[in-house]
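In the working numbering, the protein residues as written are 211 to 452. Virtual Cβ for every residue (Gly too), placed ideally from N, Cα, C. Quick caveat, the model's predicted, so the values are computed rather than measured.
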């Protein structure tokens, strides 16, 4: 953390130290991606696709390469942001983020809650969502989590909707849905952050302080103020219709 916002507590539900740590982790995961041509071409670039795509977009091949590098960075960033939300939620008082490889991502033992967190509603293919259900069901059937409620969290929901409902994904192999279980639920990001923190605007507050934290982590002397830009607010509003 730099010197800019050390004294000012940015969010009520997480310390500055843990907030800055979560943001810094994102940069550590993404700083080495596609930085060199060697790393870029290691991903088996399709020259045929390059020619078709560049031609249809009326851009040079060099411009196409730069766009493709940006696309790959965005893909890596999307994966890292899912872990960012795990770290943020796991840093809230009473909550814990579990190590990678466990069936679940976060838990709160006193509130008898476990959660599997995905950044977007389409991070996991529809046909694979049954596996998320099965993981939650398996965990809930263990003595450790008896009487708990398990949540599959879609931070960015489909069509910006708000929901907290029973999770019954389809199993295409048998053309059936998983059985209803009141304790296995699917929930959007705003609603889950509200549940975790007791603040219905918690996710939006997190979003609004990110430019400050990011600027500080990058060592920028003055934070970029997006709050005056209409698009900054529209991006969040269109992702979450409340």
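Quick one: residues in its chain with C-beta nearer than 7 Å to the C-beta of residue 348, no 5 flanking neighbours on either side, listed in chain order?
Here residue 348 is taken as the residue at index 138 of the chain shown, counted from 1. Beyond the five residues adjoining it in sequence on each side, residue 348 comes within less than 7 Å, by CB distance, of 313 in the same chain, given in chain order.
Can you give me the C-alpha to C-alpha distance between residue 282 and residue 223, rounded to a whole angstrom?
Start at 1 with the first residue of the chain shown, and residue 282 comes out as number 72. Start at 1 with the first residue of the chain shown, and residue 223 comes out as number 13. Looking at the two C-alpha atoms, the distance is approximately 33 Å.
Three or more C-beta pairs under 8 Å: does that hold for the segment 294–312 against the segment 370–386?
Too few Cβ pairs lie closer than 8 Å, so no.
Do you know how far the Cα of residue 273 is from the Cα of residue 343?
Translated into positions along the chain shown, residue 343 becomes position 133. Translated into positions along the chain shown, residue 273 becomes position 63. Computed Cα separation, rounded: 43 Å.
In terms of residues, what are the limits of the beta strand (DSSP E) holding residue 403?
Here residue 403 refers to the residue found at position 193 of the chain shown. Not the beta strand (DSSP E): residue 403 falls in the alpha helix (DSSP H), residues 399–407.
Three or more C-beta pairs below 8 Å linking the segment 373–382 and the segment 262–281
no
Between residue 363 and the rest of its own chain, which residues show a CB-CB distance below 6 Å, the 5 nearest in sequence each way excluded?
Sequence index remark: in the chain shown, residue 363 carries index 153 (1-based). Within the same chain, residue 363 has close Cβ partners 325, 327, 397 and 402.
In the DSSP assignment, what are the bridge partners of residue 330?
Here residue 330 corresponds to residue number 120 of the chain shown, with the count starting at 1. Answer is 366, bridged to residue 330.
Going by C-alpha distance, which of 386, 445 and 425 is nearest residue 414?
Taking the first residue of the chain shown as position 1, residue 414 is located at position 204. Of the candidates 386, 445 and 425, the one whose C-alpha sits nearest the C-alpha of residue 414 is 445.
My assumption, with CB atoms under 8 Å, is that residue 375 sits in contact with residue 395. Please give the rounded CB distance.
Here residue 375 corresponds to residue number 165 of the chain shown, with the count starting at 1. Here residue 395 corresponds to residue number 185 of the chain shown, with the count starting at 1. Yes, residue 375 and residue 395 are in contact; Cβ-Cβ is about 6 Å, under 8 Å.
What is the rounded straight-line gap between the Cα of residue 354 and the Cα of residue 240?
In the chain shown, residue 354 corresponds to position 144, counting from 1. In the chain shown, residue 240 corresponds to position 30, counting from 1. Straight across, the Cα-Cα distance linking residue 354 with residue 240 is about 35 Å.
Selected residue, minimal CA-CA separation from residue 420, among 318, 334, 345 and 298
As a working mapping, residue 420 is identified with position 210 in the chain shown. Comparing Cα positions, the closest option is 298.
Please report how far the alpha carbon of residue 453 lies from the alpha carbon of residue 406, in whole angstroms.
Here the chain has residues from 211 to 452 only, and residue 453 is not among them.
Alpha-carbon spacing of residue 267 relative to residue 258, whole angstroms:
Working through the chain shown from its first residue, we reach residue 267 at position 57. Working through the chain shown from its first residue, we reach residue 258 at position 48. About 14 Å.
Please classify residue 256: does DSSP put it in a helix, a strand, or coil?
By one-based count along the chain shown, residue 256 stands at place 46. The answer is coil: DSSP assigns residue 256 none of H, G, I, E or B.
So what's residue 414 in DSSP terms, helix, strand or just coil?
Here the question's residue 414 lines up with position 204 in the chain shown. Reduced to three states, the DSSP call for residue 414 is helix.
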